[in-house]
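*Asks:* For reference, the structure I am asking about is given below.
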Amino acid sequence: MPMNNALFKRMTGAGRIPLKVLFVIKSLSQFSYMSSIVKSLDSSGHQIQLLFDPVWSKTTSDHVVRQFISRTDNVAMDWSVQRTDKWRRWIFFSREFRSYISYTKRGDQSSYYLKRWNGYLPRIIRKFVYFRPVRFLLSHSPVYQWLAAVETHVPPDQKITADLLHRKPDVIVVTPMNQRYSEEVEYVKAAKILNIPTVVPVISWDNLTTKGIFHVIPDLTLVWNEEQRSEAINIHSVPEENVFITGSPFFDKWFDASKLLEDRRIFCQRMGLDHTKPFFVYLGSSAKIARDETWLPQSIYNGLKSHSKTSIRNIGMLARPHPVNAKHYNQLIGDRLVVWPKDGALPEARDSQRDFYNALRHCEFTLGINTSGMINAIVNAKPCLTVLTDQYQLTQEKTVHFRQLLQADVLDINHSPQEAIDSIVRLLDGEDRHCDQRQQFVLKFVRPHGLEIGAGKAAAQAIELIARGGSIDEIKASVPY
0 MPMNNALFKR
10 MTGAGRIPLK
20 VLFVIKSLSQ
30 FSYMSSIVKS
40 LDSSGHQIQL
50 LFDPVWSKTT
60 SDHVVRQFIS
70 RTDNVAMDWS
80 VQRTDKWRRW
90 IFFSREFRSY
100 ISYTKRGDQS
110 SYYLKRWNGY
120 LPRIIRKFVY
130 FRPVRFLLSH
140 SPVYQWLAAV
150 ETHVPPDQKI
160 TADLLHRKPD
170 VIVVTPMNQR
180 YSEEVEYVKA
190 AKILNIPTVV
200 PVISWDNLTT
210 KGIFHVIPDL
220 TLVWNEEQRS
230 EAINIHSVPE
240 ENVFITGSPF
250 FDKWFDASKL
260 LEDRRIFCQR
270 MGLDHTKPFF
280 VYLGSSAKIA
290 RDETWLPQSI
300 YNGLKSHSKT
310 SIRNIGMLAR
320 PHPVNAKHYN
330 QLIGDRLVVW
340 PKDGALPEAR
350 DSQRDFYNAL
360 RHCEFTLGIN
370 TSGMINAIVN
380 AKPCLTVLTD
390 QYQLTQEKTV
400 HFRQLLQADV
410 LDINHSPQEA
420 IDSIVRLLDG
430 EDRHCDQRQQ
440 FVLKFVRPHG
450 LEIGAGKAAA
460 QAIELIARGG
470 SIDEIKASVP
480 Y
């Protein structure tokens, strides 16, 4: 649908003034999830300030952010302000408790996440809610609504309000806003008092189902797809008319990554793999999902190594540990088995993106337990296998986000290492059963407006429209264009 003329003039007409866009992001480590949105806003000439929480960022290097800033004059970085007034202790307890209660109401989510959120509560409350009858009463009592009322009566922090008055943004973009002890929600609270438009882009695949809830509702919530739209409405009580689908900014990088492609020989030599032999990539999961998962790649590697077919015996493995679960990977042994990078890495910096991209482009297939790396593989048109076991049931098929992959039929499902080996043999013989489903998944889950429409660009346009006074209806009628 074409953009209406008045709104188009506000965005592109003569004398158009660049916007001041303020991003409030919990940690430096989360910048890569927003980088395609920032890049698109930057390319339109807007002035962008990036605020990060200094406490949650203290163990993360600012190299990636500084590198990004060095390439433009429009982006600057600073630290966000934390709430320190008399309300802090009580409002943070209220939020964590309310998020906990929300899990007691979600029958479709794994009990793992209810137990995990229990650990964020004060010790005396943890013991209290341990009993099933107490959890039942909480899920059916008005306590959830009472805590929501408490939130509305707690005023914004004066220092954060003063920070916004000093910076004078035209719009505030806050993320993720619903992780444990998230400070950035305070900026949304203060912005609403000051009538500054607020936008929350969903940061990750599972952010709406495995984290806390939205305690303050932004003016606009940007989701990846229809699944997240439903989650925002049903779990977080975001009004339906305030939700807009953009696609996934996080995966934008793979749609313009051809310049990262290396010659196979060069890449394999760097990794320590034989470039004349096929290899697959094991995608490591976080410690919260799988802890020590190395038994699985080792079992599969050993099974392939002892296979009767020479072509199967010759296949190599490139194991990519998750950066917060890499310590176990020094146990892996094999002459065609390489762990890279040794300490794990997320595809944030250019070098790590290059390595991951080439691993995916040059491998035959991927394998993992439950990680967003699987979606990275699917976007890059690679088959992905998984092994479902009782050991990981609570963090695999009982989780909402992993079931989305199962329901989309994009994974080759196995129930033991031997089944996975049999599937690998069929796959290498040319039997790819899920190719069409993977293509459809990318169109539905990652790029719902079409492969040619970048999610970061769609999100940036929505942010600009709401900052210039566009209504939600105008945004939905005009983005992407």
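Numbering (numbering that gives the first Met the number 0), first residue to last: 0 to 480.
Backbone N, C-alpha and C fix where the C-beta goes; we use that ideal spot for every residue, glycine too.
Predicted model, so just to flag it, every value in this text is computed and none were measured.
(1) On the premise that N177 lies in contact with I212, defined as a C-beta separation below 8 Å, what is that separation, rounded to the nearest angstrom?
(2) What do you get for G469, buried or exposed, if any count of 16 or more other CB atoms within 10 angstroms of its CB means buried?
(3) Going by the beta-carbon positions, is the gap between A419 and V386 smaller than 8 Å?
(4) Can you give me the C-alpha to C-alpha distance between Q436 and R105, rounded to a whole angstrom?
(5) Express the C-alpha separation of Y186 and A13 in angstroms, rounding to a whole number.
(6) Select from R312, R290, P346 and S307 the residue whose C-alpha is nearest the C-alpha of V323.
(7) Does DSSP put A344 in a helix, a strand or coil?
(8) State whether the stretch 116-125 contacts the stretch 72-85, with contact taken as three or more CB pairs (one from each stretch) at a distance under 8 Å.
(9) What separation, rounded to the nearest whole angstrom, lies between the Cα atoms of V237 and T220?
(10) What did DSSP end up calling T545 once you bin it into helix, strand or coil?
(11) For M33, does the three-state DSSP call read helix, strand or coil?
(12) Between the alpha carbons of A476 and P248, how many angstroms are there, rounded?
(13) Extract the residue ranges of the beta strand (DSSP E) inside the stretch 212-272, only unbroken runs of 3 or more that lie entirely within it.
(14) What are the boundary residues of the beta strand (DSSP E) that includes L336?
(15) If you measure between the beta carbons of R179 and E261, is that distance less than 8 Å?
(16) Quick one: residues in its chain with C-beta nearer than 6 Å to the C-beta of T398, no 5 flanking neighbours on either side, listed in chain order?
(17) Among residues of its own chain, excluding the 5 on either side of L146, which ones have a beta-carbon nearer than 7 Å to its beta-carbon?
(18) Do three or more CB pairs link the stretch 436-451 to the stretch 31-50 at distances below 8 Å?
(19) Please state whether the Cβ-Cβ distance between E183 and K25 is less than 8 Å.
(20) Using 8 Å as the threshold, is the stretch 122-130 in touch with the stretch 143-161, meaning 3 or more CB pairs across them?
(21) Quick one: residues in its chain with C-beta nearer than 7 Å to the C-beta of F279, no 5 flanking neighbours on either side, listed in chain order?
(22) Within 10 Å of its beta-carbon, does R65 have 16 or more other beta-carbons around it, so buried, or fewer, so exposed?
(23) Look up G453 in the DSSP assignment and say whether it is helix, strand or coil.
(24) Flag this pair as touching only if the stretch 345-362 and the stretch 244-259 have three or more C-beta atom pairs under 8 Å; answer yes or no.
(25) What does a CB cutoff of less than 6 Å around E239 pick up in its chain, not counting 5 residues either side in sequence?
(26) Locate the alpha helix (DSSP H) running through L303, then write down its first and last residues.
(27) What is the DSSP secondary structure of L387, counted as helix, strand or coil?
(28) When burial is assigned at 16 or more other CB atoms within 10 Å of the CB, is K57 buried or exposed?
(29) In the DSSP output, which residue or residues are listed as bridge partners for N365?
(30) Below 8 Å between beta carbons: does that hold for A465 and V54?
(31) How far does the beta strand (DSSP E) with W78 in it reach, from first residue to last?
(32) Starting from D162, trace the alpha helix (DSSP H) in both directions and tell me its first and last residue.
(33) So, is M0 buried or exposed, given that buried needs 16 or more other C-beta atoms within 10 angstroms?
(34) In this structure, how does DSSP classify T83 when only helix, strand and coil are distinguished?
(35) At the level of alpha carbons, what is the spacing between H235 and S101?
(36) Name the two residues that bound the continuous alpha helix (DSSP H) containing A148.
*Replies:* Checking against the coordinates, here is how it stands:
(1) 6 Å
(2) buried
(3) yes
(4) 28 Å
(5) With a pLDDT of only 44 at A13, under the threshold of 50, the placement of this residue in the model should not be trusted, and no figure is reported.
(6) R290
(7) coil
(8) no
(9) 8 Å
(10) As displayed, the chain neither begins before 0 nor continues past 480, which places residue 545 out of reach and without an answer.
(11) helix
(12) 20 Å
(13) 219-222 and 242-244
(14) L336 to V338
(15) no
(16) S109
(17) S93, F96 and R97
(18) no
(19) yes
(20) no
(21) I314, M316, C362, E363, F364, T365 and L366
(22) exposed
(23) coil
(24) yes
(25) I232
(26) W294 to K304
(27) coil
(28) exposed
(29) Note that residue 365 corresponds to Thr in the displayed sequence, not to Asn. T365 is bridged to V280 and C383.
(30) According to the sequence provided, residue 465 is Ile. The question's Ala does not apply to it. The answer is no: Cβ separation not under 8 Å.
(31) V74 to W78
(32) Q157 to R166
(33) Caution is warranted here: a pLDDT of 37 is assigned to M0, below 50, making its placement in the model unreliable, and no coordinate value can be reported.
(34) coil
(35) 9 Å
(36) V142 to H152
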